[in-house]
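Contents: one structure, followed by commentary.
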Amino acid sequence: MLKSFALVASFALVAPAFAQEAVRVDQGALVEAAVAQHILPGFEALATTTQALSAAAETECSPTSEPLRAAFHTAFDAWMGVSHLRFGPTEVDERAFGLAFWPDTKGFTPKALGRLIADEDPVIADATDFQTVSVAGRGFFALEQLLYDPRISTLGAADYHCALVRRVAADIALSSGAIHTDWVNGFATLLTEPSEAGSYETDAESLQVIYKALDSGLQFDAEVRLGRPLGSFDKPRPTRAEARRSGRSLRNVTVSTAALAELAHILSSESDTIRADYSTAFALIQEQATDLQNDPVFAGVKEVQGRFRVEILQQYINRARGITTLELGPALGVSAGFNALDGD
Amino acid sequence: MVSRRRVLAGLAASSLLPSAGWASVGAPAFLSAARAPDGQFVLTGLTETGDISFTIPLPARGHAAAAQPTRAEAVAFARRPGTFALALDCRDGTVLARLNAPEGRHFYGHGAFSPDGTQLFTTENDYEAGLGVIGVWDVAAGYKRLGEVSSGGIGPHEMRLMPDGQSLVVANGGIETHPDMGRAKLNIPTMAPNLTYLDFSGAIVETASLPVAFHKNSIRHLALHSDGTVALAMQWQGAEGAAPPLLGLHRRGGPITLLAAPERLHGALDGYAGSVAISGDGREVAITSPRGGVVHVFDLASGTFLRGVELEDVCGIGSRAAGFFFTTGTGAVGALGDSVRQQPVQFDNHLVPIGT
């Protein structure tokens, strides 16, 4: 009874500024395009490159091994290409956190690795057992410390260190493969063929989850990947840059924003205006990232000039985010309300 | 002997208007932050019939507020991670004091007065340590900071005065954030929310937690009944579709019990409860979900789901003698299941009860 009354009341009285506009895009087609052209290729690349990483670790487990380090970077790039797609298969059994535990505000990763190595914990002997280890001791950031951290790369007996490198690499491949398998064997269909029995009931719901991935991906790049090392003007935090040990802080942002640009272009394919706005915004991001090439780990945030360049990159990413929330969201019919959007 | 000058100073500080009680501002039943059509953020007083009894401009988007129990004075908190709060004379909007969060702290947007209105308690983030604190402020001294105590967890959000008048209950949401990184959540894999009871000295008198499987269910908002029942509203940070219950009930000394609507209806909440209230008669408890555009009402004694009421962008909810009062982000306000009116503002997250 109230439901109908409330609906009538809101149609009759709601101020035009708060009203939702009619949706004119083919939501189902956009979901299909995002899945086929962006999501599935991204997770396939993750599965393939992490297999190669595990194979490289089997061949050579020394932290200084060039083939191993190269395979690490290639696989990490693939993760950056999908790290914004945090729904469905990535969230089963903490797979995504098991691949990338960052930020690590309390230093859990070095503690977890230190404990494994000090105890020569036999949990690393078995793939399934290892998945019970804290997510802080697994994934790309654990492997990064095992390969690049001056202390942890040389910690403990060489044999155990080698076995741990191999196990962490194999575990990354295992989780990545499982994510890809789940996407291919069912989850993609749940998104592209929404139904009352599935996870998503309508095309709008499917589209909204992909839209949210774009928005939160941009947010994470700007606020965390750049915001964390920027800190504040008085207290810059260069040592908090993501993946600084392997020298890929900027590269992570570059690869991630390139992937987000790809998704943004797919989702804006039915609006020339929005698509053009995105092209401009992402071109600026790329240009500014190129300008930062000589500061791959954002060490420059300590100095005015270097800080300024990182802040500009952050502003450009925020501009792309503004296009997402102010233009794309309303056009797709997935915008949230005043309270729904606030989330607190 | 008090000098004449001091008397005058005292008069000026407490404003020269007569009759300082809440009746002087149209006897509002609730406070709510809102956004006016011109974009101006405001604090409003709302009567039980949905009239706006006063409107005071705010310098930025508000979140919740705390109502001084003895006079028409409110502390409006900025939206997280705000570093200021304003003590306002609700008769004319005079800013009585500006509360600045100390260095290294920011407000979460909620606070509570002591029963006599002499002290204000605020939930805050010690963000370098990543720990929650409760700030303590001396109201009579112009909201001077007295000190702070641990909140008993990370990410304290809503805090309420318990009906015993001697303790506070804090919803430690469990989520670590840092203002350098906006509102990004930094510790989802390891988060551990809890409900903490503190006495006014800051001693923790009880902590209640959720089952381990629900450690990603962020406890954010609270409602109380006069018998000491605490209702807690949660926001799920885990895999979507996992959909654990988003409403809990707690009584001192017992476990947290969890309530949820039947599966298909529960899914409509989208893993997110925005506010919670217990009806004045203690018979019903309700949570709102702005994301799902729905209110879920339960029988408090049995925990049985009673009904869902769909309302676009609904979030604010407060208790009436029987039933509930609600507000929405589209400006609707009314008695749930009974009446609805339209006001030309967008009501922000919460309804703050006055006089309880």
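In order, the protein sequence lines correspond to chains F and Y. Sequential numbering of the first sequence, starting at 1, is according to the working numbering. Sequential numbering of the second sequence, starting at 1001, is according to the working numbering. Ideal Cβ positions, reconstructed from N, Cα and C, are used throughout, including at glycine.
D342 (chain F) at chain Y interface by Cβ criterion, 9 Å: As a first step, residue 342 (chain F) is located in the first sequence; it is residue number 342 there, counting from the start. Yes, D342 (chain F) lies at the interface with chain Y (some Cβ there is under 9 Å from its Cβ).
As assigned by DSSP and simplified to three states, the class of R307 (chain F): If you number the first sequence from 1, residue 307 (chain F) lands on position 307. The answer is helix: DSSP assigns R307 (chain F) an H, G or I state.
Interface residues of chain Y facing Q27 (chain F) [CB-CB closer than 9 Å]: The residue you call residue 27 (chain F) lines up with position 27 of the first sequence. Neighbours of Q27 (chain F) on chain Y: none; closest Cβ ~18 Å, over 9 Å.
Alpha carbon of G966 (chain Y) to alpha carbon of K302 (chain F), nearest angstrom: Within the shown structure, residues of chain Y are numbered from 1001 to 1356, placing residue 966 (chain Y) beyond reach of any answer.
Pairwise C-alpha distance: A204 (chain F) and E21 (chain F): Here residue 21 (chain F) refers to the residue found at position 21 when the first sequence is read from its first residue. Here residue 204 (chain F) refers to the residue found at position 204 when the first sequence is read from its first residue. Legend: pLDDT at E21 (chain F) = 49, less than 50; position of this residue unreliable, no value from coordinates given.
Neighbour-count burial assignment, A1184 (chain Y), 16 or more Cβ in a 10 Å radius: Taking the second sequence and counting its residues from 1, one reaches residue 1184 (chain Y) at position 184. It is buried - the Cβ of A1184 (chain Y) has at least 16 other Cβ atoms within 10 Å.
Cβ contact (3+ pairs, closer than 8 Å) linking the stretch 257–265 of chain F and the stretch 81–95 of chain F: yes
Close-in-space but distant-in-sequence residues of the same chain around G177 (chain F) (CB under 8 Å, 5 per side omitted): Working through the first sequence from its first residue, we reach residue 177 (chain F) at position 177. If we look at G177 (chain F) and ignore the five residues flanking it on each side, its Cβ neighbours are A47, T50, Q51.
For S1150 (chain Y), the first and last residue of its enclosing alpha helix (DSSP H): For this step, residue 1150 (chain Y) is matched to residue 150 along the second sequence. Here S1150 (chain Y) belongs to no alpha helix (DSSP H); instead the beta strand (DSSP E) covers 1144–1150.
Bridge partners - P1057 (chain Y), DSSP secondary structure assignment: Here the question's residue 1057 (chain Y) lines up with position 57 in the second sequence. In the DSSP output, where bridge partners are listed per residue, P1057 (chain Y) has Y:V1042.
Chain-ordered chain Y contacts of S199 (chain F) [CB-CB under 9 Å]: Numbered from its first residue, the first sequence carries residue 199 (chain F) at position 199. Residues of chain Y passing the Cβ test: E1240, G1241.
CB contact check: H1106 (chain Y) to chain F, cutoff 9 Å: For the purposes of this step, residue 1106 (chain Y) is identified with residue 106 of the second sequence, where counting begins at 1. No - not a single Cβ of chain F is within 9 Å of the one on H1106 (chain Y).
Inter-stretch contact (C-beta, 8 Å, three-pair minimum) for the stretch 107–115 of chain F and the stretch 204–215 of chain F: no
Span of the beta strand (DSSP E), counted from its first residue to its last, around I1278 (chain Y): Numbered from its first residue, the second sequence carries residue 1278 (chain Y) at position 278. It spans 1275–1278 - the beta strand (DSSP E) in which I1278 (chain Y) sits, taken as one unbroken run.
Counted within 10 angstroms of its Cβ, other Cβ atoms place F1347 (chain Y) as buried (16 or more) or exposed: As a first step, residue 1347 (chain Y) must be located in the second sequence, where it is residue number 347. Buried, because 16 or more other Cβ atoms sit within 10 Å of the Cβ of F1347 (chain Y).
Interface positions of the stretch 1301–1323 of chain Y facing chain F (Cβ-Cβ less than 7 Å), listed along the chain: V1309, E1310, L1311, E1312, D1313, C1315
Cβ distance (whole Å) where V1075 (chain Y) is taken to contact G1045 (chain Y) below 8 Å: Numbered from its first residue, the second sequence carries residue 1075 (chain Y) at position 75. Numbered from its first residue, the second sequence carries residue 1045 (chain Y) at position 45. That belief does not hold up - the Cβ atoms of V1075 (chain Y) and G1045 (chain Y) are roughly 14 Å apart, past 8 Å.
Proximal chain Y residues relative to L230 (chain F), where beta-carbon distance stays under 8 Å: Counting from 1 along the first sequence, the entry for residue 230 (chain F) is found at position 230. In chain order: D1180.
Of the listed residues F:T325, F:D121, F:R225, F:R245, nearest to S256 (chain F) (C-alpha basis): The count along the first sequence starts at 1 and reaches residue 256 (chain F) at position 256. Residue F:R225 is the option with its Cα nearest to S256 (chain F).
Cutoff 9 Å: G337 (chain F) Cβ touching any chain Y Cβ: Stepping through the first sequence from its first residue, residue 337 (chain F) is reached at position 337. For G337 (chain F), the answer is yes, since a Cβ of chain Y falls inside 9 Å of its Cβ.
Min CB distance Q145 (chain F) to chain Y below 9 Å: The residue you call residue 145 (chain F) lines up with position 145 of the first sequence. Answer no: the Cβ-Cβ gap between Q145 (chain F) and chain Y never drops below 9 Å.
Status (buried if at least 16 other CB within 10 Å, exposed otherwise) for D1180 (chain Y): As a working mapping, residue 1180 (chain Y) is identified with position 180 in the second sequence. Burial call: buried.
Which residues DSSP lists as bridging S1032 (chain Y), in chain order: The residue labelled residue 1032 (chain Y) in the question sits at position 32 within the second sequence. In DSSP, S1032 (chain Y) forms a bridge with Y:T1044.
Where Q208 (chain F) sits in the DSSP three-state scheme: Along the first sequence, read from residue 1 onward, the residue named residue 208 (chain F) stands at position 208. Note: Q208 (chain F) maps to helix in three-state DSSP.
Cβ pair S269 (chain F), A33 (chain F) closer than 9 Å: As a first step, residue 269 (chain F) is located in the first sequence; it is residue number 269 there, counting from the start. As a first step, residue 33 (chain F) is located in the first sequence; it is residue number 33 there, counting from the start. Taking 9 Å as the Cβ cut-off, S269 (chain F) and A33 (chain F) qualify as a contacting pair.
For Y1272 (chain Y), three-class secondary structure by DSSP: Mapped onto the second sequence, residue 1272 (chain Y) falls at position 272. Looking at Y1272 (chain Y) - three-state DSSP - the assignment turns out to be strand.
Pairwise C-alpha distance: T1094 (chain Y) and F1324 (chain Y): To locate residue 1324 (chain Y), count along the second sequence from 1; it is residue 324. To locate residue 1094 (chain Y), count along the second sequence from 1; it is residue 94. Cα-Cα distance, rounded: 31 Å.
CA-to-CA distance, N1100 (chain Y) to F1326 (chain Y), given in whole angstroms: For the purposes of this step, residue 1326 (chain Y) is taken as the residue at position 326 of the second sequence. For the purposes of this step, residue 1100 (chain Y) is taken as the residue at position 100 of the second sequence. For F1326 (chain Y) and N1100 (chain Y), the distance between alpha carbons rounds to 31 Å.
Euclidean distance between Cα positions of G1174 (chain Y) and A1213 (chain Y): Residue mapping note: residue 1174 (chain Y) aligns to position 174 of the second sequence, counting from 1. Residue mapping note: residue 1213 (chain Y) aligns to position 213 of the second sequence, counting from 1. G1174 (chain Y) and A1213 (chain Y): Cα-Cα distance of roughly 14 Å.
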